[in-house]
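Enquirer: Here our numbering runs 87 ahead of the position in the sequence shown, where the first position is 1.
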Amino acid sequence: MATKTTGLAGGPLRHRVRLEEPVVQVDSLSGEPVITEWLDRGTVWASVESLSGREWLLSAEFRAGTTTRVRVRWRDDVTEQWRVIHARKAGDTIYNIDAVLPRFESMSELNLMCSSGVVTEGGQP
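1) In chain order, what residues of the same chain lie with their CB nearer than 7 Å to the CB of Arg138, ignoring the 5 residues before and after it?
2) When burial is assigned at 16 or more other CB atoms within 10 Å of the CB, is Arg141 buried or exposed?
3) Per DSSP, Leu197 is paired with what?
4) Under the rule that 16 or more other beta-carbon atoms within 10 Å means buried, what is Arg158, buried or exposed?
5) What are the partner residues of Leu100, as DSSP defines its beta bridges?
6) Is the beta carbon of Gly152 closer than 8 Å to that of Ser117?
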């Protein structure tokens, strides 16, 4: 696969990520909104940078998570309800978008502040 080496001011866009938007429907039994599927909104070049990681134990469940910044070229349709899928040889990583931080002065990029994590039973990773 070709690698794109030119990028935004902060570095190259060398990762391919997929942006997905949720399809939400109301559950007929509970009346609560439920995500029924994810729509592919495009595969784009990005810079994926892990900023921090953490582990903790809560109610006998081991939890681990990361905070990651995903930088992409400017788009005006991405929201905090979307998610980012980073496909890698070791397996896909799903990032929940916590904040969309546009660069308004140049309208050249979006910084997507994301989180990911795992939960296992019994306190074992």
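Idealized CB from N, CA, C, for every residue including glycine.
Keep in mind the model is a prediction, meaning the values are calculated, not measured.
Expert: Walking through what the data contain:
1) The displayed chain sequence assigns Leu, not Arg, to residue 138. Excluding five sequence positions before and after Leu138, the CB atoms of its chain that fall closer than 7 Å to its own CB belong to Thr154, Thr155 and Arg156, given in chain order.
2) With fewer than 16 other Cβ atoms within 10 Å, it is exposed.
3) Looking at the DSSP output, Leu197 bridges to Val159 and Pro189.
4) Per the 10 Å Cβ criterion, buried.
5) In DSSP, Leu100 forms no bridge with anything.
6) Contact flag unset, no.
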